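As structure tokens, the structure follows; a few thoughts come after it.
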Amino acid sequence: MRRFGWVVVLALFLIAWEAHVRLRDIPDYLLPSPSAIGQTLWDDRSTLGPEALVTGREMLAGYVLAIITGLGAAILLRLVPVLRDAVLPLLIGSQVIPIVAVAPILVIYLGFGIAPKVLIVALVCFFPISVNALDGFARVDPEYRRMMRTLRATPRQVFWRVELPFALPGVFSGARIAAPYAAIAALIAETAGGSGGLADSMHQQLDTPLIGAGVTLLAVLALALYAAVGLLERWLLPWATGDRGSGQ
Amino acid sequence: MRFGTTQALAGVDLTVAEHERVCIVGPSGCGKSTLLSLLAGLETPTGGAISGGGLERCALMPQRDLLLPWRSALDNGCIALELAGASREQARAEALPLFERFGLEGFAQERPAALSGGMRQRVAFLRTLLARKPVLLLDEPFGGLDAITREELQGWLGDALDAEPRTMLLVTHDVDEALRLGRRVIVLSARPGRVVLEVESATSTRDELREALRG
Chain A
12 MRRFGWVVVL ALFLIAWEAH VRLRDIPDYL LPSPSAIGQT LWDDRSTLGP EALVTGREML
72 AGYVLAIITG LGAAILLRLV PVLRDAVLPL LIGSQVIPIV AVAPILVIYL GFGIAPKVLI
132 VALVCFFPIS VNALDGFARV DPEYRRMMRT LRATPRQVFW RVELPFALPG VFSGARIAAP
192 YAAIAALIAE TAGGSGGLAD SMHQQLDTPL IGAGVTLLAV LALALYAAVG LLERWLLPWA
252 TGDRGSGQ
Chain B
443 MRFGTTQALA GVDLTVAEHE RVCIVGPSGC GKSTLLSLLA GLETPTGGAI SGGGLERCAL
503 MPQRDLLLPW RSALDNGCIA LELAGASREQ ARAEALPLFE RFGLEGFAQE RPAALSGGMR
563 QRVAFLRTLL ARKPVLLLDE PFGGLDAITR EELQGWLGDA LDAEPRTMLL VTHDVDEALR
623 LGRRVIVLSA RPGRVVLEVE SATSTRDELR EALRG
């Protein structure tokens, strides 16, 4: 029962919203009612469905790219401390560059296909993943390092056998934080250059029920990504998620 | 093995013969753990000399089991063999007989989270043993266990060392444990630690050791 508490909260919120719109007679272009959004979702399903698929594909591709490059970069920076000292401040500084400003430039470079969208999603998701991984490497209990040293482990062996596995739950935390970012980044990327994604429908400025329908689908995509990452973590890291039982 | 150090430790002079079992007792903060770190080669002494110690010859077992939670008990036990270049399969094959001999046969595939504190400590000891070093340094190995498990593991450790003889230095603050596991017992004073008493456990009593501990 407790797992579905969110359904109750969501239902109460939607009822209050609907009542607010109806009792005050608020016009659609100021605030569409949930029922109007629902109606639009159903009526426009033949365009919204394919659009959501396009956006979802961009999100997923960019997200996977961010996990591979984010974790890869963190490993590289950990193994080469000189590189970390040189690059990390720049990496943190780069986060103030507004993605809205970069997106059109990438479209100019990479065209109107899926490439700039994937890259923008990856750029946005890269940071929480790489920083959480680096944090995880550094935060390993020093007693484990000592123990491994007495067993004659080289620093490389300590990294691959102790630091990296201990950091993986942190990598997954970063990945979960990045899941909603992926949705927003995909939308911004689509806005910068046509795509056939959800941004197309959401650009109909005055059709607020349609915008609401797009937001709803975007939220569903972000939640699906978030849930998938959670499942993947339970499957890959049973030792970190409380499952007991046999190891390899 | 011979060493003499200063600072946290003041004038500890000690020689240990091959396959001898020596227990070191002392009050908290007398530098017992420092002594083992020095012997293990994890720290360098500010004065004095140690011979026959260092990372090549000593395996150190800390008080916390420090098992890796994603590895099974067996894979934790055999990690030193893997680090030395054996494949996972070779390492497992070599470690398994030891697990069977020392009462862990049913637990080899379990993850540490599924094991009791006593079982985890046994795995940690086998991991130390499988480092294949002539000298074992045990730093309060049973300090975190309840009295009954502790008693049980003391007997188990004695048997294990009879089967796999090593030079052993065990640090503890428990006089009974020291008398039971050491052929020789050394009592250290409060910091800076120095030797206040050195006895054969066969000819010594707990009262004698307690007296020495009180100073």
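Quick mapping for you: the protein sequence lines, in order, are chains A and B.
Going by the working numbering, the letters in the first sequence line up with residues 12 to 259, in that order.
Going by the working numbering, the letters in the second sequence line up with residues 443 to 657, in that order.
For glycine and all other residues, C-beta sits at the position ideal for the given N, C-alpha and C.
For clarity, every value in this text was computed on a predicted model and none was experimentally measured.
Residue from B:Leu-611, B:Glu-582 and B:Ser-646 with nearest C-alpha to Cys-500 (chain B) = Taking the second sequence and counting its residues from 1, the one referred to as residue 500 (chain B) is at position 58. Cys-500 (chain B) has its Cα closest to that of B:Leu-611, out of B:Leu-611, B:Glu-582 and B:Ser-646.
Bridge partner(s) assigned by DSSP for Val-464 (chain B) | Position 22 of the second sequence, counted from the start, is the residue given in the question as residue 464 (chain B). DSSP output for Val-464 (chain B) lists B:Leu-611 and B:Arg-626 as bridge partner(s).
Cutoff 8 Å: Ala-535 (chain B) Cβ touching any chain A Cβ | On the second sequence, residue 535 (chain B) is found 93 positions in, with the first residue counted as 1. No - not a single Cβ of chain A is within 8 Å of the one on Ala-535 (chain B).
With a cut-off of 8 Å, does the C-beta of Gln-168 (chain A) fall near any C-beta of chain B?
-> The count along the first sequence starts at 1 and reaches residue 168 (chain A) at position 157. Chain B contact via Cβ: present.
Determine the direct distance from the alpha carbon of Leu-595 (chain B) to that of Val-231 (chain A), and round the result to whole angstroms.
-> Along the first sequence, one-based indexing puts residue 231 (chain A) at 220. Along the second sequence, one-based indexing puts residue 595 (chain B) at 153. Approximately 55 Å between the Cα atoms of the pair.
What number of angstroms, rounded off, separates the C-alpha of Thr-645 (chain B) from the C-alpha of Asp-618 (chain B)?
-> Within the second sequence, residue 645 (chain B) is the residue found at index 203, counting from 1. Within the second sequence, residue 618 (chain B) is the residue found at index 176, counting from 1. So the two alpha carbons sit approximately 14 Å from each other.
In the DSSP assignment, what are the bridge partners of Ala-501 (chain B)?
-> Numbered from its first residue, the second sequence carries residue 501 (chain B) at position 59. Per DSSP, B:Leu-578.
Residues bridged to Gly-635 (chain B) by DSSP?
-> Stepping through the second sequence from its first residue, residue 635 (chain B) is reached at position 193. B:Leu-451.
Exposure of Asp-507 (chain B), with buried meaning 16 or more beta-carbon neighbours within 10 Å = In the second sequence, the residue the question calls residue 507 (chain B) occupies position 65. When all chains shown are included, Asp-507 (chain B) counts as buried.
Are Asn-144 (chain A) and Gly-204 (chain A) close, meaning C-beta to C-beta below 8 Å?
-> Mapped onto the first sequence, residue 144 (chain A) falls at position 133. Mapped onto the first sequence, residue 204 (chain A) falls at position 193. Reading off the sequence, residue 144 (chain A) comes out as Ala, not Asn. No.
How do the region 488-496 of chain B and the region 636-654 of chain B stand: do at least 3 beta-carbon pairs fall below 8 Å, yes or no?
-> no
Could you tell me whether the Cβ atoms of Cys-465 (chain B) and Thr-614 (chain B) are closer together than 8 Å?
-> The residue given as residue 465 (chain B) occupies position 23 in the second sequence. The residue given as residue 614 (chain B) occupies position 172 in the second sequence. For Cys-465 (chain B) and Thr-614 (chain B), yes; Cβs fall inside 8 Å.
If you measure from the beta carbon of Pro-607 (chain B) to each beta carbon in chain A, is any gap under 8 Å?
-> Here residue 607 (chain B) corresponds to residue number 165 of the second sequence, with the count starting at 1. For Pro-607 (chain B), the answer is no, since every Cβ of chain A falls outside 8 Å of its Cβ.
Please check if any C-beta of chain B sits within less than 8 Å of the C-beta of Trp-246 (chain A).
-> To locate residue 246 (chain A), count along the first sequence from 1; it is residue 235. So no, Trp-246 (chain A) is outside the interface.
Please list the partners that Pro-487 (chain B) has in chain A, where partner means a Cβ-to-Cβ separation under 7 Å.
-> Within the second sequence, numbered from 1, the residue matching residue 487 (chain B) stands at position 45. Residues of chain A passing the Cβ test: none, with the nearest at roughly 17 Å.
Nearest chain B C-beta to Val-19 (chain A) closer than 8 Å, yes or no?
-> Here residue 19 (chain A) refers to the residue found at position 8 of the first sequence. Not closer than 8 Å to any Cβ of chain B, the Cβ of Val-19 (chain A) fails to qualify, so no.
Endpoints, alpha helix (DSSP H) assigned at Pro-100 (chain A) = Taking the first sequence and counting its residues from 1, one reaches residue 100 (chain A) at position 89. Pro-100 (chain A) -> alpha helix (DSSP H) spans 92-104.
Proximal residues, the region 135-169 of chain A versus chain B, C-beta separation under 9 Å = Asp-152, Glu-154, Tyr-155, Arg-157, Met-158, Met-159, Arg-160, Thr-161, Leu-162, Arg-163, Ala-164, Thr-165 and Gln-168
In chain B, which residues lie with their C-beta within 8 Å of the C-beta of Val-182 (chain A)?
-> As a first step, residue 182 (chain A) is located in the first sequence; it is residue number 171 there, counting from the start. Chain order gives no chain B residues near Val-182 (chain A), where near means a beta carbon separation below 8 Å; the closest approach is about 14 Å.
Under 8 Å between C-beta atoms of Ser-206 (chain A) and Thr-58 (chain A) = For the purposes of this step, residue 206 (chain A) is taken as residue 195 along the first sequence, with counting starting at 1. For the purposes of this step, residue 58 (chain A) is taken as residue 47 along the first sequence, with counting starting at 1. With contacts defined as CB atoms closer than 8 Å, Ser-206 (chain A) and Thr-58 (chain A) fail to qualify as a contacting pair.
To the nearest angstrom, how far is it from the Cα of Thr-476 (chain B) to the Cα of Leu-540 (chain B)?
-> By one-based count along the second sequence, residue 476 (chain B) stands at place 34. By one-based count along the second sequence, residue 540 (chain B) stands at place 98. Going by the C-alpha atoms only, they are around 30 Å apart.
What are the boundary residues of the alpha helix (DSSP H) that includes His-31 (chain A)?
-> Looking up residue 31 (chain A) in the first sequence gives position 20. First-last of the alpha helix (DSSP H) with His-31 (chain A): 16-34.
Beta carbon of Leu-621 (chain B) nearer than 8 Å to that of Leu-502 (chain B) | Along the second sequence, read from residue 1 onward, the residue named residue 621 (chain B) stands at position 179. Along the second sequence, read from residue 1 onward, the residue named residue 502 (chain B) stands at position 60. Not a contact, by the Cβ cut-off of 8 Å.
Candidates A:Leu-21, A:Gly-241 and A:Pro-180: which alpha carbon is nearest Gly-147 (chain A)'s?
-> Your numbering for residue 147 (chain A) matches position 136 in the first sequence. With distances taken between Cα atoms, Gly-147 (chain A) lies closest to A:Pro-180.
May I have the straight-line CA-CA distance separating Ala-459 (chain B) from Arg-625 (chain B), to the nearest angstrom?
-> Locating residue 459 (chain B) in the second sequence gives position 17, where the first residue counts as 1. Locating residue 625 (chain B) in the second sequence gives position 183, where the first residue counts as 1. Between Ala-459 (chain B) and Arg-625 (chain B), the C-alpha separation is close to 11 Å.
Taking Pro-504 (chain B) as the query, report the chain A residues whose CB atoms sit under 7 Å from its CB, ordered along the chain.
-> Looking up residue 504 (chain B) in the second sequence gives position 62. Ordered by position in chain A, the residues that pass the 7 Å Cβ test against Pro-504 (chain B) are Glu-154 and Met-158.
Report the residue from A:Ala-238, A:Tyr-192, A:Gly-241 and A:Thr-227 whose alpha carbon sits nearest the alpha carbon of Thr-51 (chain A).
-> To locate residue 51 (chain A), count along the first sequence from 1; it is residue 40. Answer by Cα proximity: A:Thr-227.
Helix, strand or coil: how does DSSP classify Thr-647 (chain B) here?
-> As a working mapping, residue 647 (chain B) is identified with position 205 in the second sequence. Coil at Thr-647 (chain B), not helix or strand.
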